[in-house]
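S.K.: Okay, here's the structure, questions in a sec.
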């Protein structure tokens with residue numbers, strides 16, 4: 007059954023779906039950033055071990071560049087986490103709104119079904135009352151004819 011809430015439900019459902027897709031993309035970006043940070047840290051450890059083994063090799067410039075990369079990745083993680091939290095809050099709000107609209111639509115459907123059932127019941131009651139009234143009139147008419155027939159005799 008169509009309700010006046012169907013359009014709003016579709017709009018909210020699309021919004022929830024879009025937010026969900028955006029959250030998924032941000033979560034993937036966060037995972038990639040964390041993975042890249044782990045790779046940088048592992049590369050720094052390897053390079054530091056190699057530099058420690060060979061005193062003629064200086065890894066200071068490489069390690070400084072990797073530290074800067076690790077710091078940039080940490081800043082990216084903070085930014086992505088912030089966006090992710092904002093999106094999650096929007097998702098909760100949109101989902102709550104969707105549920106409220108769905109509940110209103112369900113209440114509308116229930117009320118429409120109740121009204122329809124009441125109308126059907128009223129129709130059945132009217133038919134029953136008409137049948138009973140017709141039977142009473144017929145019985146009264148028959149009784150009147152019988153009484154009239156007795157008075158003639």
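In the numbering used here, the protein residues as written are 7 to 159. The beta-carbon is built from N, C-alpha and C at its ideal position, and this holds for glycine as well.
Would you tell me roughly how many angstroms separate the C-alpha atoms of residue 36 and residue 25, rounded to the nearest one?
M.R.: Position 30 of the chain shown, counted from the first residue, corresponds to residue 36. Position 19 of the chain shown, counted from the first residue, corresponds to residue 25. Using only the alpha carbons, I get a separation of about 16 Å.
S.K.: Quick one, are the C-beta atoms of residue 69 and residue 59 less than 8 Å apart?
M.R.: Numbered from its first residue, the chain shown carries residue 69 at position 63. Numbered from its first residue, the chain shown carries residue 59 at position 53. Result no, Cβ atoms of residue 69 and residue 59 do not sit closer than 8 Å.
S.K.: If you measure between the beta carbons of residue 3 and residue 101, is that distance less than 8 Å?
M.R.: A query on residue 3 cannot be resolved here, the shown segment of the chain reaching from 7 to 159 and no further.
S.K.: Is it right to say residue 79 is buried, meaning 16 or more other beta carbons lie within 10 angstroms of its own, or is it exposed?
M.R.: Start at 1 with the first residue of the chain shown, and residue 79 comes out as number 73. Classification for residue 79: buried.
S.K.: Does residue 155 come out as helix, strand or coil in the three-state DSSP assignment?
M.R.: For the purposes of this step, residue 155 is identified with residue 149 of the chain shown, where counting begins at 1. Three-state DSSP puts residue 155 in a helix.
S.K.: Tell me whether residue 149 sits in a helix, a strand or coil according to DSSP, three-state version.
M.R.: Here the question's residue 149 lines up with position 143 in the chain shown. DSSP places residue 149 in helix when its eight states are reduced to three.
S.K.: Is residue 96 near the ligand NAD, in the sense that its beta carbon is under 7 Å from a heavy atom of that ligand?
M.R.: The ligand NAD is not part of the structure shown, which contains no ligands of any sort.
S.K.: How many Å lie between residue 106 and residue 11 at the Cα?
M.R.: Residue numbering aside, residue 106 sits at position 100 when the chain shown is read from its first letter. Residue numbering aside, residue 11 sits at position 5 when the chain shown is read from its first letter. About 10 Å.
S.K.: Alpha carbons only, please: which of 72, 49, 83, 14 is nearest the one belonging to residue 32?
M.R.: For this step, residue 32 is matched to residue 26 along the chain shown. The shortest C-alpha separation from residue 32 is found at 83.
S.K.: Just to confirm the assignment, what range does the alpha helix (DSSP H) spanning residue 30 have?
M.R.: Working through the chain shown from its first residue, we reach residue 30 at position 24. Taken as a continuous stretch (DSSP letters only), the alpha helix (DSSP H) holding residue 30 covers 12-59.
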